[in-house]
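Number of protein chains: 2
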Amino acid sequence: MGKKINLTEALAGMAEHWEPRTVAELNDYDVRLVKVKGAFVWHAHPETDELFFVLSGRLRIEFRDGAVELGPQELTVVPKGVEHRPVAESEAHVLLVEPAATVNTGTAGGERTVPRRLL
Amino acid sequence: MGKKINLTEALAGMAEHWEPRTVAELNDYDVRLVKVKGAFVWHAHPETDELFFVLSGRLRIEFRDGAVELGPQELTVVPKGVEHRPVAESEAHVLLVEPAATVNTGTAGGERTVPRRLL
Numbered sequence: 539m540g541k542k543i544n545l546t547e548a549l550a551g552m553a554e555h556w557e558p559r560t561v562a563e564l565n566d567y568d569v570r571l572v573k574v575k576g577a578f579v580w581h582a583h584p585e586t587d588e589l590f591f592v593l594s595g596r597l598r599i600e601f602r603d604g605a606v607e608l609g610p611q612e613l614t615v616v617p618k619g620v621e622h623r624p625v626a627e628s629e630a631h632v633l634l635v636e637p638a639a640t641v642n643t644g645t646a647g648g649e650r651t652v653p654r655r656l657l
Numbered sequence: 539m540g541k542k543i544n545l546t547e548a549l550a551g552m553a554e555h556w557e558p559r560t561v562a563e564l565n566d567y568d569v570r571l572v573k574v575k576g577a578f579v580w581h582a583h584p585e586t587d588e589l590f591f592v593l594s595g596r597l598r599i600e601f602r603d604g605a606v607e608l609g610p611q612e613l614t615v616v617p618k619g620v621e622h623r624p625v626a627e628s629e630a631h632v633l634l635v636e637p638a639a640t641v642n643t644g645t646a647g648g649e650r651t652v653p654r655r656l657l
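These protein sequence lines are chains A and B, in that order. Just so you know, the first sequence maps onto residues 539 to 657 in the working numbering. Just so you know, the second sequence maps onto residues 539 to 657 in the working numbering.
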């Protein structure tokens, strides 16, 4: 029998921005919750698509050739290998779905890389 | 560059209950949107876990040994091979994530089986 995850409660226990927590596992995929604010680093995931679903606030996903603006109840899939930079002017709460092996900074690496962390 | 999907708009174009529409593709997975009301059939998916995320309304997922009750902002993963029956007393709107090959009625089959359908 499955376990219920309440995202509002999960978010209440999260403080840092840009540090996703894995709230559920779906086969070899993760469902991750993240609080974001400000600009993240440009990066790409050569091996996988990545789903962004905005729960609250607004998220702009910048691409080299444009941007997608997402509000609550809106989602997009960043295709594998496509460079992108997520930006939020104010705090936003976002659900991510991607393979469990996916690293937050992709091929960019650097100081904003965080290990996979369960809620 | 990704395409933006607004779930509120997508739901406005959907009439039938228990007939998921694929609103986005993530590698070989589908993100599906479904309106539900009443009781679905008991079934299982021997090959995959299945994510249920409630957008609005309430959804009860019955198992042979209990049930999980989900409201808005709540999600659960039904483990592969586990028999379950989704039930909604009133209309609820649910986001599903599962492999694109997943059939809505799993191994149960029958008249409520619907083909994969893009939005």
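The beta-carbon is built from N, C-alpha and C at its ideal position, and this holds for glycine as well. These numbers come from a predicted model, not from an experiment.
Relative to the C-alpha of residue i, which candidate in the options has its C-alpha closest?
{"i": "Ser594 of chain B", "options": "B:Lys575, B:Ala550, B:Ser628 and B:Pro610", "result": "B:Pro610"}
{"i": "Pro653 of chain A", "options": "A:Phe591, A:Ala646 and A:Ala639", "result": "A:Ala639"}
{"i": "Asn565 of chain B", "options": "A:Thr560, A:Val615 and A:His631", "result": "A:Val615"}
{"i": "Trp580 of chain A", "options": "A:Arg655, A:Gly648 and A:Thr560", "result": "A:Gly648"}
{"i": "Glu557 of chain A", "options": "A:Gly576, A:Glu563, A:Ile543 and A:Asn544", "result": "A:Gly576"}
{"i": "Thr643 of chain A", "options": "A:Val561, A:Glu563, A:His583 and A:Tyr567", "result": "A:His583"}
{"i": "Ala548 of chain A", "options": "A:Gly540, A:Arg570 and A:Glu563", "result": "A:Arg570"}
{"i": "Leu545 of chain B", "options": "A:Leu608, A:Leu656, A:Val641 and A:Leu657", "result": "A:Leu608"}
{"i": "Lys618 of chain A", "options": "A:Glu636, A:Asp603, A:Val606 and A:Ala562", "result": "A:Glu636"}
{"i": "Leu589 of chain A", "options": "B:Tyr567, B:Leu657 and B:Val572", "result": "B:Tyr567"}
{"i": "Leu670 of chain B", "options": "B:Arg596, B:Gly540, B:Lys541 and B:Glu585", "result": "Given a span of 539 to 657 for chain B in the structure shown, any question on residue 670 of chain B remains unanswerable."}
Tell me, to the nearest whole angstrom, how far the beta carbon of residue i is from that of residue j; I am working on the premise that it is less than 8 Å.
{"i": "Val574 of chain B", "j": "Ala630 of chain B", "result": "5 Å"}
{"i": "Leu613 of chain B", "j": "Ile543 of chain A", "result": "5 Å"}
{"i": "Leu578 of chain A", "j": "Arg650 of chain A", "result": "Going by the sequence as given, residue 578 of chain A is Phe instead of Leu. Correct: roughly 7 Å between the Cβ atoms."}
{"i": "Leu670 of chain B", "j": "Val561 of chain B", "result": "Any property of residue 670 of chain B remains undetermined from this structure, which presents chain B solely from 539 to 657."}
Distance cutoff 8 Å, beta carbons only. Does residue i sit that close to anything in chain D?
{"i": "His581 of chain A", "result": "In summary, chain D is missing from the structure at hand, where the protein chains are A and B."}
**Request:** Just list the alpha helix (DSSP H) runs in the segment 583 to 628 of chain B, keeping only unbroken ones of 4 residues or longer that don't cross its boundaries, in chain order.
**Result:** none
**Asked** Mind listing which residues of the segment 632 to 649 of chain B have their C-beta closer than 7 Å to chain A's C-betas, in chain order?
**Response** Val635
**Prompt:** Any contact of the segment 619 to 629 of chain A with the segment 550 to 560 of chain B, i.e. 3+ C-beta pairs under 8 Å?
**Reply:** no
**Prompt:** Taking a cut of 8 Å between CB atoms, which residues from the segment 608 to 621 of chain B lie near chain A?
**Reply:** Leu608, Gln611, Glu612, Leu613, Thr614, Val615, Val616, Pro617, Lys618 and Val620
**Request:** Compile a chain-ordered list of the residues in the segment 595 to 608 of chain A whose CB is closer than 9 Å to at least one CB of chain B.
**Result:** Ile599, Phe601, Arg602, Asp603, Gly604, Ala605, Val606, Glu607 and Leu608
**Asked** Between the segment 554 to 578 of chain B and chain A, which residues of the former have a C-beta closer than 8 Å to a C-beta of the latter?
**Response** Val561, Ala562, Glu563, Leu564, Asn565, Tyr567 and Val569
**Message:** By the 8 Å beta-carbon criterion, what residues does the segment 539 to 552 of chain A contribute toward chain B?
**Reply:** Met539, Gly540, Lys541, Lys542, Ile543, Asn544, Leu545 and Thr546
**Message:** Along the segment 577 to 592 of chain A, where does the CB come closer than 7 Å to a CB of chain B? Name the residues.
**Reply:** Thr586, Asp587 and Leu589
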